[in-house]
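Following: one structure in structure tokens, then a few remarks.
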Amino acid sequence: MSLSQVITRDLRLALRQKSDAATVVLFFVLTAALFPFAIGPEAEILIRIAPGVIWVTALLSVLLSLDRLFMADYEDGTLELMILKPLPLELTVFGKVVAHWLISGLPLIVACPLIGLLYGLPLEGLGVLLLALVLGTASLSLIGAIGAALTLGARRGGVLLPLLVLPINIPILIFGVAASDSGLSGDPVKGPLMILGAVLLGMLFLAPLAAAAALRQAME
Amino acid sequence: MHRFANPGRFLRLADAILPWVCGATVLSFAVGLYWALFASPADYQQGETVRIMYLHVPSAWMSLFVYIVIALAGASSLIWRHPLADVAAKSAAPIGASFAFLTLVTGSLWGKPMWGTWWVWDARLTSMLVLFFLYLGHMALMHAFEDQTRGYRAAAILALVGVINIPIIKFSVDWWSTLHQPASVIRLDGPTIDPSMLWPLLVMVLAFKLFFVTLLLVRMKSELLAARIRALSLAAVRTA
Amino acid sequence: MSTLDTFFNMGGHGAFIWPCYAFAALLMGGLAINSWQSLARRKRQLAHLEGQRAAIKKATVTGAQKKEKP
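Residue numbers (the numbering used here), protein chains in the order written: chain V, 1 to 220; chain E, 1 to 240; chain X, 1 to 70.
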């Protein structure tokens, strides 16, 4: 299997079970929509909290679909084949993460303007917010892959995965919101965006390595 | 390194050293605490609250040091399959987590009178908090699998992934403008802290280090005995 | 007495300093006690198990001897 085949296989499987992708987006939109009810409809407050709410909800939504990243392949034996076949396991992992992002991350970003509407976000900041989200959610998927690989087959792995993944995601959250806030207020956005980019580059390199190592020792 | 790979030999060595490190720990705490609380001056700017430093700085340094030990043990386990590395990592993690927690609490209690706030989301504090969560995650992974070996290996990988946090913690006060004070001891130009405070601080650091070694030995012994108990119980079940 | 009071007051910051030391003592002391107790418990368990093993060995040996006799 080549890299593109890995990606298309996962995408095809996901499209067959449309519910997975739909659940993620639905959770994102519904949760983000809940906050105004709890906090009140004051426009100033909503605009102020919008970047934070969007980022946290995006993080949690991506988390939702993470533990299934390797689970299905683990259970039906495909994972063993993946370890043995000529395509390096690291690339296989990368392919699966790309597919995961296309299924979980990209729909969130597409749904984002709708959330922006609900919170009264001005259009000027939206571009930066979306760019930051692209960089951030990609890193989230990569880091999540490490967590998913580490907790494969663990007791109560479902609870363990957030515990492992969320702390490592905190810096991404901080810089993502910083970029989004700066975009809204007109402050320079280069700093936080560059850090988000640097984290993504680092994770592109590190995550497949670590996740592959974790998968190998899971199958020992 | 591999001379100590044999658990039996390690246990005998640990038994021989333990009374001495234990005694040294008690002694250095006695000296350090006396010096910190009684025989050292108050700070020109911070007043008496500087005495919190004698707890906060050693526990901060130790939480980083122990994490590096665990990461090295993890590498040793994954690359060379060193038999004691996993036991060392499992034993060290709760100690490191306690140091990290102590750092956060003492830091908070120091921050309130100094900065007027219990907490601030700057780079140094946030990365310390992430370190604490990394410790918790490491401990959780260790206990999350039926097969203990999987727990060991997974925790080792996590420890190595999290190593990136250590330089972030160390250099955070240099890279970002934070509320937290910049490095005053481990600096290229040498320490800027006054000797009358530096020496009690170093004694306390020594005390914390010895405390770590003592408890590490105790916990490693305990783990090795537990492994022996499991083996004996299995054998008993088989022959019954 | 007043010097002791001054000492405990720590220039008005006593309320922050002493809880630090108390918390450190509790946390580190608690960890130490927990570690030692766990070790002692396992030592006892091990001694018990090895005692059982020795007893079983003795019983099988005497049992084998008895079988050889007649």
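Where is the CB? At the ideal position from N, CA and C, for every residue including glycine.
Fair warning: this is a prediction, and the values are worked out from it, not measured in the lab.
What span of residues does the alpha helix (DSSP H) with LYS18(V) cover, start to end? From DSSP, the alpha helix (DSSP H) with LYS18(V) extends over 18 to 39.
Cα-Cα, which of GLY12(X), LEU46(X) and PHE7(X) is closest to LEU37(E)? The closest CA to that of LEU37(E), considering only GLY12(X), LEU46(X) and PHE7(X), is found on PHE7(X).
When you compare only the Cα positions, how much space is there between ASP67(V) and ILE17(E)? Inter-residue distance for ASP67(V) and ILE17(E) is about 45 Å (C-alpha atoms, whole angstroms).
Between ILE150(V) and chain E, is any beta-carbon pair separated by less than 7 Å? Rather than Ile, the amino acid found at residue 150(V) in this sequence is Leu. LEU150(V) counts as touching chain E.
By the three-class DSSP mapping on this structure, what secondary structure does GLY125(V) have? If DSSP states are grouped into helix, strand and coil, GLY125(V) belongs with the helices.
Interface flag, GLY96(E) vs chain V, CB-CB below 7 Å: No, no contact with chain V.
If you measure from the beta carbon of PRO192(V) to each beta carbon in chain E, is any gap under 7 Å? Chain E, which has no Cβ nearer than 7 Å to the Cβ of PRO192(V), makes this no.
Give a yes or no on whether the minimum CB-CB distance between LEU210(E) and chain V is below 7 Å. No, no contact with chain V.
Using 7 Å as the limit for Cβ to Cβ distance, is ALA64(X) near chain E? It does not; no Cβ of chain E falls within 7 Å.
Tell me whether GLY47(E) sits in a helix, a strand or coil according to DSSP, three-state version. Three-state DSSP puts GLY47(E) in a strand.
Cβ closer than 9 Å: which chain X residues qualify as neighbours of LEU198(E)? Correct list: empty, because the minimum Cβ distance to chain X is about 19 Å.
Which one of ILE7(V), ALA33(V), LEU163(V) and ILE39(V) has the shortest CA to CA distance from PRO224(V)? Given a span of 1 to 220 for chain V in the structure shown, any question on residue 224(V) remains unanswerable.
From the DSSP output, in three-state form, read off GLU42(V) for me. Coil at GLU42(V), not helix or strand.
Bounding residues of the alpha helix (DSSP H) (the contiguous stretch that carries LEU181(E)): Looking at the sequence itself, residue 181(E) is Gln, so the reference to Leu does not match. It is not in any alpha helix (DSSP H) - GLN181(E) carries neither H nor E in the DSSP assignment.
Assigned exposure category for TRP35(E) - 16 Cβ within 10 Å defines buried: Answer is buried; the Cβ neighbour count reaches 16.
Contact between the region 118 to 134 of chain V and the region 33 to 50 of chain V: three or more CB pairs below 8 Å? Judged by Cβ distances under 8 Å, the region 118 to 134 of chain V makes contact with the region 33 to 50 of chain V, as three or more pairs qualify.
Whole-angstrom C-beta distance between GLY96(E) and MET204(E), which should lie under 8 Å: About 17 Å; that fails the 8 Å criterion.
Rounded to a whole number of angstroms, what is the C-alpha to C-alpha distance between PRO188(V) and SER182(V)? Within the model, the alpha-carbon separation for PRO188(V) versus SER182(V) is close to 6 Å.
In its own chain, which residues sit with a C-beta less than 7 Å from the C-beta of PHE99(E), not counting the 5 before and 5 after it? Result list for PHE99(E): SER59, MET62, SER63 and VAL66, in chain order.
Helix, strand or coil: how does DSSP classify GLY246(E) here? Not covered by the structure: residue 246(E). The range shown for chain E is 1 to 240.
In terms of residue numbering, what span does the alpha helix (DSSP H) encompassing ALA227(E) cover? Counting along the chain, the alpha helix (DSSP H) containing ALA227(E) begins and ends at 195 to 239.
Going along the region 29 to 59 of chain E in order, which residues come within less than 7 Å of chain X, judged by CB to CB distance? Within the region 29 to 59 of chain E, the qualifying residues are ALA42, GLY47, GLU48, THR49, ARG51, ILE52 and LEU55.
Please work out which residues of its chain come closer than 7 Å, Cβ to Cβ, to ILE52(E), disregarding the five sequence neighbours upstream and downstream, and give them in chain order. Annotation for ILE52(E): THR106, LEU109 and TRP110 place their beta carbon closer than 7 Å to its own, counting only its chain and skipping 5 residues before and after.
Can you list the alpha helix (DSSP H) stretches of 4 or more residues lying completely in the region 116 to 183 of chain E, in chain order? Fully enclosed alpha helix (DSSP H) runs of no fewer than 4 residues occupy 123 to 142, 148 to 161 and 165 to 175 of the region 116 to 183 of chain E, in order along the chain.
If you measure from the beta carbon of ALA154(E) to each beta carbon in chain V, is any gap under 7 Å? Answer yes: the Cβ-Cβ gap between ALA154(E) and chain V drops below 7 Å somewhere.
Assign ARG124(E) to buried or exposed, taking buried as 16 or more other Cβ atoms, counted over all protein chains shown, within 10 Å of its Cβ. Its Cβ being crowded by 16 or more others within 10 Å, ARG124(E) is buried.
Got a sec? Which residues, its chain only, sit under 7 Å from VAL53(V) by beta carbon, not counting five neighbours each side? The answer, listed in chain order, is ALA32 and PHE35.
Would you report the Cα separation of SER127(E) and VAL185(E), rounded to the nearest angstrom? Each residue's alpha carbon lies about 20 Å from the other.
Straight-line Cα distance separating GLU223(E) from PRO19(E): Just so you know, the alpha carbons of PRO19(E) and GLU223(E) end up roughly 19 Å apart.
Give me the Cα-Cα distance between VAL177(V) and TRP55(V), rounded to the nearest whole angstrom. When rounded, the distance between both Cα atoms is 7 Å.
Mapping DSSP to helix, strand and coil, what is PHE70(V)? Coil.
Outcome for ASN165(E) when other beta-carbon atoms lying within 10 angstroms are tallied against a minimum of 16: By the 10 Å Cβ count, ASN165(E) comes out buried.
Contacting positions in the region 103 to 121 of chain E - beta carbon closer than 8 Å to chain X: The residues in question are VAL105, THR106, LEU109, TRP110, LYS112 and PRO113.
Under 7 Å, CB to CB, which of the residues in the region 222 to 235 of chain E have a partner in chain V? Of all residues in the region 222 to 235 of chain E, none has a Cβ within less than 7 Å of some Cβ in chain V.
Mind checking whether GLU90(V) and ALA212(V) have CB atoms under 7 Å apart? Here GLU90(V) is near ALA212(V), since their CB atoms are less than 7 Å apart.
Considering only the beta carbon of each residue, do ALA145(V) and ALA58(V) sit closer than 7 Å? It is not a contact, given that the beta carbons lie outside the stated cut-off.
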